[in-house]
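Below: one structure, written as structure tokens.
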Amino acid sequence: MADFRIQANRPELQQMFRQSEQIAPRVKQPDELRGLEQSTGEISFRESIRNFVHDVDNMQKDAAEKTQLFMAGEISNVHDVMIAVEKANTSFQLLMELRNKMLDAYQEIKRMSV
């Protein structure tokens with residue numbers, strides 16, 4: 242029967258152990274990898290979509306607020322109100338098209354055979 246015990250005094254094992262200790266500091270730890278996205282200054286796809294949805298929501302709220310103020314007589318410039326409403330409408334339509342394209346891409350990926 243073969244002896245599978247590892248003996249620490251074997252020169253080959255000691256050399257491999259020393260090499261692994263030298264390599265270990267160069268390997269990024271999970272905590273370092275988490276912050277990598279933020280440190281490069283690049284925005285992930287998820288963050289850009291989240292930011293876009295947030296911007297669309299803010300435009301919708303701004304348009305609703307301006308509409309309410311116009312109806313209450315506090316704003317007399319109808320042009321600003323119409324511009325805010327059209328911006329909100331156009332950005333919402335773009336968001337819906339983006340959602341539809343992403344769903345179509347997801348459906349296409351689901352149909353692919355592996």
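Residue numbering for the sequence shown is 242 to 355, as defined by the numbering used here. All C-beta atoms, glycine included, are put in the ideal place defined by N, C-alpha and C.
Can you tell me whether DSSP reads S323 as helix, strand or coil?
For the purposes of this step, residue 323 is identified with residue 82 of the sequence shown, where counting begins at 1. As written in the sequence, residue 323 is Met, which differs from the Ser given in the question. Three-state DSSP puts M323 in a helix.
Within its chain, find whatever has a CB closer than 7 Å to the CB of V297; leave out the 5 residues flanking it on each side and keep chain order.
To locate residue 297, count along the sequence shown from 1; it is residue 56. Correct list, in chain order: S332, F333, L336.
Rounded to whole angstroms, what's the CA-CA distance from M300 to I350? Just pull it up for me.
Translated into the one-based positions of the sequence shown, residue 300 becomes position 59. Translated into the one-based positions of the sequence shown, residue 350 becomes position 109. Spanning the two alpha carbons is a distance of roughly 33 Å.
Range covered by the alpha helix (DSSP H) that runs through V294:
The count along the sequence shown starts at 1 and reaches residue 294 at position 53. Counting along the chain, the alpha helix (DSSP H) containing V294 begins and ends at 286 to 312.
Which of helix, strand or coil does DSSP assign to M337?
For the purposes of this step, residue 337 is taken as residue 96 along the sequence shown, with counting starting at 1. Correct three-state label for M337: helix.
Relative to the alpha-carbon of R287, which residue among V355, M353, Q348, M343 has its alpha-carbon at the smallest distance?
Start at 1 with the first residue of the sequence shown, and residue 287 comes out as number 46. Answer by Cα proximity: M343.
Are A325 and K302 touching if we call contact CB-CB under 7 Å?
The residue given as residue 325 occupies position 84 in the sequence shown. The residue given as residue 302 occupies position 61 in the sequence shown. Going by C-beta atoms, A325 is not nearer than 7 Å to K302.
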